[in-house]
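*Asks:* Quick note: the sequence shown uses the UniProt record's numbering, first residue 1, plus one each step. For each residue, glycine too, the CB sits at the ideal point set by N, CA and C. Just so you know, these numbers come straight off a predicted model, no measurement behind them. Please see the structure below; I have some questions.
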Amino acid sequence: MFYQASTGWAQSAAAKPAPDVIVFTNGDQLTGTLERANGDSFVFKSDVVGEITVTADKIKELHSGGKFVALRNGEKVTRTSKTPGTITYQDSAVTLADTSSSSVIDTVPVKDLSALIDGATYTKEVTGNPGIFQDWTGGLSGGVTLVESTQTGQSFTAAVNLIRLVPSVEFLPPRTRDTIDVLETYGKLTQPVIPQTTPPTPDSVAKTNIFHADAEHDKYLTPRLYGLVGLSYDHNFAQGLNLQQIYGAGIGYTVIETPIQEFDVKVDVHYERQNFVPPTASTDLIGSSFTELYHRTLPRKILFTESGTFIPSWNDPSIYSAIFAAGLQLPTYKRFSLNLNLQDNYLSNPAFGYKDNSFQFVTGVTYTLK
1 MFYQASTGWA
11 QSAAAKPAPD
21 VIVFTNGDQL
31 TGTLERANGD
41 SFVFKSDVVG
51 EITVTADKIK
61 ELHSGGKFVA
71 LRNGEKVTRT
81 SKTPGTITYQ
91 DSAVTLADTS
101 SSSVIDTVPV
111 KDLSALIDGA
121 TYTKEVTGNP
131 GIFQDWTGGL
141 SGGVTLVEST
151 QTGQSFTAAV
161 NLIRLVPSVE
171 FLPPRTRDTI
181 DVLETYGKLT
191 QPVIPQTTPP
201 TPDSVAKTNI
211 FHADAEHDKY
221 LTPRLYGLVG
231 LSYDHNFAQG
241 LNLQQIYGAG
251 IGYTVIETPI
261 QEFDVKVDVH
271 YERQNFVPPT
281 ASTDLIGSSF
291 TELYHRTLPR
301 KILFTESGTF
311 IPSWNDPSIY
321 SAIFAAGLQL
331 PTYKRFSLNL
341 NLQDNYLSNP
351 AFGYKDNSFQ
361 FVTGVTYTLK
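Dropping the structure here:
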């Protein structure tokens, strides 16, 4: 009796769901797993050929035991639940069936199909809410230079760039976007007096300390138009700026959006406070930030990024600032890449005795989180 029960359990455990099947118009068949569909393109994964994309005109039949949700062209995706169903494709239409009742949930002509999304992804991306520490992507960067000779010097750079899109999949319209950026550049150069005097003269020390941090939350009103709230903090020893704080809200618009490039423009109204080294007085300003951001994926997965911001003050037109940044990220090994970045900061009212422009060129290594 024990042997029979064990055999029955083993047979049940060994039972696996039947694989999904594509029957091509030429009669060939392929087994594997249907992952998703974008329009009339079905993404199918097989142990034999890996992941492939097959257009509907090459498919005679498709049968999938996985549970999917179908979205139609022009359908407004709302945060409401949908019943997922198994998929059958034939006669230029996708049919979703309820496995519990065998009833048809929906039939969508392939010409009207926007996407097929598996049930778990639909629940997570459309109806779910990520936790505060979940679903962040981006990179961590760092670089170091050490000099040990007559002079001694050290310079360190570190950067954190994080972004979170909800939903995180490209085939669903965006709902929110969060970004966090932190950049720190620190350097110290010690120069002894040559020849040394009697009594000894202390070594001269030159320091560099440039810090920037910003965070922004975007709420999409349409697939391209969004409202935003943001804050930023800057410290620049090279311009005598102890701390600049900006808190504002505004709107943004995605002008260009393709698989290889994106171009956004933004404008806000904000409160700004600048605190300088003495004797320069601090300022309290009402101003705006006019920003453009562009990124493009070049051949060999090289990423080019560029941004520019002009920040005028409305209550004191003589005070304004500008920031320009550009960079290249060159993949090297797995998640590691070499980055080349430049940034130029202009301040119309630096502290007394300091220059109004600060330029830095930074190289380092970036680790992509995911």
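Whole-angstrom Cβ separation of residue 371 and I311, contact assumed at under 8 Å?
*Replies:* A question about residue 371 goes unanswered here, because the residues of the chain that appear run from 1 up to 370.
*Asks:* Could you pull the start and end residues of the beta strand (DSSP E) that T152 belongs to?
*Replies:* As a working note, residue 152 is residue 152 in the sequence shown. Here the beta strand (DSSP E) through T152 covers T152 to V166.
*Asks:* On the CB-based measure, 16 or more other CB atoms within 10 Å of its CB, does G32 come out buried or exposed?
*Replies:* The residue given as residue 32 occupies position 32 in the sequence shown. So G32 counts as buried.
*Asks:* Would you mind working out which of P109, G85 and A97 sits nearest D91, comparing C-alpha positions?
*Replies:* Reading the sequence shown from its first residue, position 91 is the one you call residue 91. Among P109, G85 and A97, the Cα nearest to that of D91 is on P109.
*Asks:* May I ask you to report which of helix, strand or coil DSSP gives Q244?
*Replies:* To locate residue 244, count along the sequence shown from 1; it is residue 244. In this structure, Q244 counts as strand in the three-state DSSP scheme.
*Asks:* Considering only their Cβ atoms, is the gap separating G39 from L140 smaller than 8 Å?
*Replies:* Within the sequence shown, residue 140 is the residue found at index 140, counting from 1. Within the sequence shown, residue 39 is the residue found at index 39, counting from 1. No, the Cβ-Cβ distance between L140 and G39 is not below 8 Å.
*Asks:* Helix, strand or coil for P173 per DSSP?
*Replies:* Numbered from its first residue, the sequence shown carries residue 173 at position 173. Coil at P173, not helix or strand.
*Asks:* Measuring alpha carbon to alpha carbon, tell me which of G353, E35 and F68 ends up nearest V54.
*Replies:* As a first step, residue 54 is located in the sequence shown; it is residue number 54 there, counting from the start. Ranking G353, E35 and F68 by Cα distance to V54 puts E35 first.
*Asks:* Report yes if the CB atom of T363 is closer than 8 Å to the CB atom of N339, and no otherwise.
*Replies:* For the purposes of this step, residue 363 is taken as residue 363 along the sequence shown, with counting starting at 1. For the purposes of this step, residue 339 is taken as residue 339 along the sequence shown, with counting starting at 1. Contact flag set, yes.
*Asks:* Quick check: what's the CA-CA separation for K301 versus P278?
*Replies:* What you label residue 301 is simply residue 301 of the sequence shown in a count that begins at 1. What you label residue 278 is simply residue 278 of the sequence shown in a count that begins at 1. So the two alpha carbons sit approximately 47 Å from each other.
*Asks:* Can you give the Cα-Cα distance for Y233 and N129, rounded to whole angstroms?
*Replies:* As a working mapping, residue 233 is identified with position 233 in the sequence shown. As a working mapping, residue 129 is identified with position 129 in the sequence shown. Roughly 28 Å separates the two Cα atoms.
*Asks:* For T86, which of helix, strand or coil comes out of DSSP?
*Replies:* Position 86 of the sequence shown, counted from the first residue, corresponds to residue 86. Note: T86 maps to strand in three-state DSSP.
*Asks:* Give the straight-line distance between the Cα atoms of G142 and V182, rounded to the nearest whole angstrom.
*Replies:* The residue labelled residue 142 in the question sits at position 142 within the sequence shown. The residue labelled residue 182 in the question sits at position 182 within the sequence shown. Roughly 12 Å between the two C-alpha positions.
*Asks:* When the Cα atoms are used, what is the spatial distance from S41 to G250?
*Replies:* The residue given as residue 41 occupies position 41 in the sequence shown. The residue given as residue 250 occupies position 250 in the sequence shown. Rounded to whole angstroms, S41 to G250 spans 38 Å at the Cα level.
*Asks:* Tell me which residues share the same chain as T157 and place their Cβ nearer than 6 Å to its Cβ, disregarding the 5 neighbours each side in the sequence.
*Replies:* Numbered from its first residue, the sequence shown carries residue 157 at position 157. Closer than 6 Å at Cβ, skipping near neighbours: G143, T185, V362 and G364.
*Asks:* What did DSSP end up calling E51 once you bin it into helix, strand or coil?
*Replies:* Locating residue 51 in the sequence shown gives position 51, where the first residue counts as 1. Three-state result, E51: strand.
*Asks:* Going residue by residue through the segment 96-141, where are the continuous beta strand (DSSP E) segments of at least 3 residues, counting only ones entirely within it?
*Replies:* Here the runs fully enclosed are 104-109 and 113-118.
*Asks:* Since I believe E272 is in contact with I256 (beta carbons under 8 Å), could you give me their beta-carbon distance rounded to a whole number of angstroms?
*Replies:* As a working note, residue 256 is residue 256 in the sequence shown. As a working note, residue 272 is residue 272 in the sequence shown. About 29 Å; that fails the 8 Å criterion.
*Asks:* For L260, report the span of its beta strand (DSSP E) as first-last.
*Replies:* If you number the sequence shown from 1, residue 260 lands on position 260. Note on identity: in this sequence residue 260 is Ile, with Leu being the wrong assignment. Counting along the chain, I260 falls outside any beta strand (DSSP E), and DSSP gives it neither H nor E.
*Asks:* Can you tell me whether G248 is buried or exposed? The criterion is at least 16 other CB atoms within 10 Å of its CB, across all chains shown.
*Replies:* What you label residue 248 is simply residue 248 of the sequence shown in a count that begins at 1. Result: buried.
*Asks:* Hey, would you say P259 sits closer than 8 Å to P223, going by beta carbons?
*Replies:* If you number the sequence shown from 1, residue 259 lands on position 259. If you number the sequence shown from 1, residue 223 lands on position 223. Not in contact: P259 and P223 (Cβ atoms no closer than 8 Å).
*Asks:* Using three-state DSSP, classify P200 as helix, strand or coil.
*Replies:* For the purposes of this step, residue 200 is identified with residue 200 of the sequence shown, where counting begins at 1. Coil.
*Asks:* Give me the residue from Y226, A120 and H235 with the minimum Cα distance to T208.
*Replies:* By one-based count along the sequence shown, residue 208 stands at place 208. Answer by Cα proximity: H235.
*Asks:* How is R36 classed by DSSP in three states: helix, strand or coil?
*Replies:* In the sequence shown, counting from the first residue as 1, residue 36 sits at position 36. If DSSP states are grouped into helix, strand and coil, R36 belongs with the strands.
*Asks:* Within the same chain, show all residues whose beta-carbon is closer than 6 Å to that of F133, passing over the 5 residues directly before and after it, in chain order.
*Replies:* Looking up residue 133 in the sequence shown gives position 133. Nothing meets the Cβ criterion.
*Asks:* For the beta strand (DSSP E) that contains Q360, what are its first and last residues?
*Replies:* Taking the sequence shown and counting its residues from 1, the one referred to as residue 360 is at position 360. Start and end: N357 to T368.
*Asks:* Count the other CB atoms, across all protein chains shown, that sit within 10 Å of the CB of Q29; report buried if there are 16 or more and exposed otherwise.
*Replies:* As a position in the sequence shown, residue 29 is number 29, starting the count at 1. It is exposed - the Cβ of Q29 has fewer than 16 other Cβ atoms within 10 Å.
*Asks:* Does the beta-carbon of K355 have 16 or more other beta-carbons within 10 angstroms, so that it is buried, or is it exposed?
*Replies:* Within the sequence shown, residue 355 is the residue found at index 355, counting from 1. Looking at its Cβ environment, which holds fewer than 16 other Cβ atoms inside 10 Å, K355 is exposed.
*Asks:* Counting beta carbon pairs with one atom in the segment 43-63 and one in the segment 71-85, are three or more of them shorter than 8 Å?
*Replies:* Not touching, per the Cβ criterion.
*Asks:* Among S155, K67, K124 and A206, which residue has its Cα nearest to the Cα of V169?
*Replies:* Position 169 of the sequence shown, counted from the first residue, corresponds to residue 169. Checked all of S155, K67, K124 and A206; the closest Cα to V169 is K124.
*Asks:* Between G138 and the rest of its own chain, which residues show a CB-CB distance below 6 Å, the 5 nearest in sequence each way excluded?
*Replies:* For the purposes of this step, residue 138 is taken as the residue at position 138 of the sequence shown. So the list reads N161, L162, I163 and L369, once near-sequence residues are dropped.
*Asks:* Report the option in Q261, G287 and I59 whose CA atom is closest to the CA atom of D268.
*Replies:* Taking the first residue of the sequence shown as 1, we reach residue 268 at position 268. Residue G287 is the option with its Cα nearest to D268.
*Asks:* I'd like to check one pair, G353 with N341: are the Cβ atoms closer than 8 Å?
*Replies:* On the sequence shown, position 341 is the one that residue 341 refers to. On the sequence shown, position 353 is the one that residue 353 refers to. Their beta carbons are not under 8 Å apart, which means N341 does not touch G353 by this criterion.
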